[in-house]
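Protein chains in written order, with my numbering: chain A, 20 to 336; chain B, 20 to 336.
Note that CB positions come from ideal geometry on N, CA and C, so glycine has one too.
Read the structure below first, then the notes.
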């Protein structure tokens, strides 16, 4: 699904976008080429759909190629570029974070969890393959992510041990899964802004931050660069989820390609439901501004990261 | 749950048990001490039950400490000992394979898969915590396994990359998950002995073989030793599942601590249903004999592995 760069008018202006390269950065071009590269790599690195048992490989590929926007891989590749890395070194990691993201959606859509029939305008995995295979396809994508991570190039500063631990911790019971659990347990309960932030930090920000950090690691980044990428990833990740909450109440299902108003229906707390729509927009803009500020250390080389953060703030789906 | 060494009379005699150490190997002692060591390590390496969100850590620990026989960790530690390794180096890997095994049971017991209410005489995870948390607890245990694997000591011959790839491949869509898929798809269908072997090799043998190989790797074993461990693990793993099939038809639920006659009820093909009970026993004995033969390269140092293979053949639950 091509990315739409149509922007809704935003109530908050972002101040400085930092130093500019002579030719304005072409985000649409960057996203299209990187999505194509990630899709090619995923296609090459995963077992073909015909490999026995075909059901599991068809199910893995069904969800992996169901029109995901490849935001996490794009962030990973953009972070590698900011640190002067080679795209080929970052690609296995970009694919690994996408496998983790996809597995989490497949399991999250299950009847025992969010019980969603559609995702990105297509039937969810369990509606096509049945619940048993959907559970196993999620398991297989999660396992595949570690196989991909272990296949990346290692560097003096970032060994395979460091890289696998980074991914395992971001995806584990203290981060991504903690967010899913808190989200599941929070349904129908009144949450404070702090509790909601706890969920969003883990459910969304952890893996986005990890994607950016792994991109830096694939480029053997300096400790200072890694620190900057961590601040960037955390803030962009949290902003991303706040905007998701906003879109859930302001957009139609057709615009989103998934069920809109889902959070309200599931009695899920969201930023708009706790602090209101306008304040939510201000929070998203403030987080994005912090992400921009963190990029100063790259002295103009983080154009792709900067453009991505701006785009994610203003996206309409 | 202490292991019972009570043995049923077996129709097939095992020939040579290889060279013996002066004092006969005390398997019961070995199993008790290694189970205690693995339990201590798991308790130390996993987040405490009270760590937020407590539900997921309670659920992970509930299944992990539900009385598993710790066969895979014992095989891992015994393989390390055969290669002259230190137990401390093998323990994180022994814990990792147990996490993979436990996750596969938690997901396998789900209503969408085998739909089991009891496992080892206790309620299954989804009966205690609900299906959503059971899915997530399985996911968390799988993720935890890679965190543990990446924490082991690495050696000149076996880097973290090698170790993580070993685990990811054994647990992935071509091995463990392939077995689960083929098992799910085979229900109610007539399978040939070859098709059943395909399932058993993947569903059971792959992770047992991986456990043994990882034990060897943790001891920086020679390529020849690794090859011997591979043959041993494959054959013991396959024998293990054939015996599981036999016990399912010959033992009561009470004796097994899980629903007996389950395979027949689910119309699952088993070795006894395809080749008969006596022939199944002969196959298990022949596989175990092959496992014994592979240990010659260790020149009497693989006493624990040998004793374990003999015990697994003659177990009654």
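| query | In terms of residue numbering, what span does the alpha helix (DSSP H) encompassing residue 250/A cover? | reply | Run containing residue 250/A: 242-269, per the alpha helix (DSSP H) assignment.
| message | Quick check on the DSSP output: the alpha helix (DSSP H) that includes residue 132/B runs from which residue to which? | response | Annotation: residue 132/B is outside any alpha helix (DSSP H) and is labelled neither H nor E by DSSP.
| query | Any chance the stretch 49-58 of chain A sits against the stretch 83-94 of chain A, with 3 or more Cβ pairs inside 8 Å? | reply | Judged by Cβ distances under 8 Å, the stretch 49-58 of chain A makes contact with the stretch 83-94 of chain A, as three or more pairs qualify.
| Contact set between the stretch 159-190 of chain A and chain B, restricted to residues whose Cβ is under 8 Å from the partner | Answer in chain order: 159, 161, 162, 163, 165, 166, 168, 169, 170, 173, 178, 179, 180, 183, 184, 186, 187, 188 and 190.
| said: Against residue 199/B, what residues of chain A qualify as contacts under a CB-to-CB distance less than 7 Å, listed in chain order? | reply: Contacts between residue 199/B and chain A, judged by CB atoms closer than 7 Å, involve 155 in chain order.
| task | Give a yes or no on whether the C-beta atoms belonging to residue 224/B and residue 253/B are separated by under 7 Å. | result | Yes, these two residues count as a Cβ contact at 7 Å.
| Do residue 323/B and residue 314/B have their C-beta atoms within less than 7 Å of each other? | A distance of 7 Å or more separates the beta carbons of residue 323/B and residue 314/B.
| query | Checking contacts by CB at 7 Å: is residue 126/A closer than that to chain B? | reply | Interface residue, yes.
| message | Helix, strand or coil for residue 287/B? Go by DSSP, reduced to three states. | response | In the structure shown, residue 287/B sits in coil (DSSP, three-state: anything other than H, G, I, E or B).
| message | Rounded to the nearest angstrom, what separates residue 169/B and residue 213/B at their Cα positions? | response | Linking residue 169/B to residue 213/B through their CA atoms gives a straight-line distance of about 36 Å.
| query | Are the Cβ atoms of residue 335/A and residue 196/B separated by less than 7 Å? | reply | Contact annotation: residue 335/A and residue 196/B have beta-carbon atoms that are not nearer than 7 Å.
| What residues in the stretch 118-142 of chain B have a beta carbon less than 7 Å from any beta carbon of chain A? | Within the stretch 118-142 of chain B, the qualifying residues are 126, 129, 131 and 132.
| Boundaries of the alpha helix (DSSP H) in which residue 175/A is found, first to last residue | Neither: residue 175/A is in no alpha helix (DSSP H) and is coded neither H nor E.
| field | Contact between the stretch 123-137 of chain B and the stretch 149-166 of chain B (3+ Cβ pairs under 8 Å) | value | The stretch 123-137 of chain B vs the stretch 149-166 of chain B: in contact.
| request: Leaving aside the five residues before and after residue 328/B along the sequence, list all residues of the same chain whose C-beta is less than 6 Å from its C-beta, in chain order. | output: The answer, listed in chain order, is 255, 307 and 310.
| request: Check whether the Cβ atoms of residue 257/A and residue 232/A lie closer than 7 Å to each other. | output: Contact: no.
| task | Could you list the residues in the stretch 207-220 of chain A with a C-beta less than 7 Å from some C-beta on chain B, going in chain order? | result | Within the stretch 207-220 of chain A, no residue has its Cβ closer than 7 Å to any Cβ of chain B.
| Under 7 Å between C-beta atoms, does residue 203/B make it to chain A? | Yes - at least one Cβ of chain A is within 7 Å of the one on residue 203/B.
| said: Any beta carbon of chain A sitting closer than 7 Å to that of residue 192/B? | reply: At least one beta carbon of chain A lies nearer than 7 Å to the beta carbon of residue 192/B.
| query | Exposed or buried, residue 271/B, counting other C-beta atoms within 10 Å across all chains shown (16 or more means buried)? | reply | Residue 271/B is exposed by the Cβ-count criterion.
| message | Let's test the definition: count the other Cβ atoms within 10 Å of the Cβ of residue 222/B and tell me whether it reaches 16, buried, or not, exposed. | response | Buried.
| message | Can you give me the C-alpha to C-alpha distance between residue 208/B and residue 287/B, rounded to a whole angstrom? | response | C-alpha separation (whole angstroms): 8 Å.
| From the DSSP output, which residues share a beta bridge with residue 81/A? | Beta-bridge pairing links residue 81/A to no other residue.
| Using a beta-carbon distance below 7 Å, is residue 150/B in contact with chain A? | Taking CB atoms only, residue 150/B has a neighbour in chain A less than 7 Å away.
| query | If you run the structure through DSSP and keep just helix, strand and coil, what is residue 104/B? | reply | Three-state result, residue 104/B: coil.
| message | Runs of 4 residues minimum, wholly inside the stretch 137-209 of chain B: which ones carry the alpha helix (DSSP H) assignment? | response | With a minimum length of 4 residues, the continuous alpha helix (DSSP H) runs that stay inside the stretch 137-209 of chain B are 144-148, 150-169, 179-190 and 195-205.
| message | For a cutoff of 7 Å on Cβ pairs, would you count residue 74/B as touching chain A? | response | It does; some Cβ of chain A falls within 7 Å.
| message | Tell me the DSSP secondary structure of residue 69/B in three-state form. | response | Annotated three-state conformation of residue 69/B is coil, per DSSP.
| Counting only beta-carbon atoms, is residue 21/B nearer than 7 Å to chain A? | Residue confidence for residue 21/B is low, a pLDDT of 36 falling below 50, so the modelled location carries little weight; the figure read from the coordinates is stated next. The C-beta of residue 21/B comes no closer than 7 Å to any C-beta of chain A.
| task | Check distances from the C-beta atoms of the stretch 60-86 of chain B to those of chain A and list, in chain order, the residues that come in under 8 Å. | result | Listed by position along the chain: 66, 70, 71, 72, 74, 75, 76 and 79.
| message | Let me see if you follow: with CB-CB separation under 7 Å, is residue 293/B close to chain A or not? | response | So, not an interface residue.
| Where does residue 274/B fall in DSSP's three states? | When secondary structure is reduced to three states using DSSP, residue 274/B falls in the helix class.
| Beta-carbon gap between residue 238/B and residue 44/B smaller than 7 Å | The criterion of a C-beta distance shorter than 7 Å is not satisfied by residue 238/B and residue 44/B.
| Euclidean distance between Cα positions of residue 251/B and residue 87/A | Going from the Cα of residue 251/B to the Cα of residue 87/A covers about 44 Å.
| message | For residue 90/A, would you say it is in contact with chain B, using Cβ-to-Cβ distances shorter than 7 Å as the test? | response | No, because no Cβ of chain B sits closer than 7 Å to the Cβ of residue 90/A.
| request: Determine, using beta carbons only, whether residue 196/A comes closer than 7 Å to chain B. | output: Yes - at least one Cβ of chain B is within 7 Å of the one on residue 196/A.
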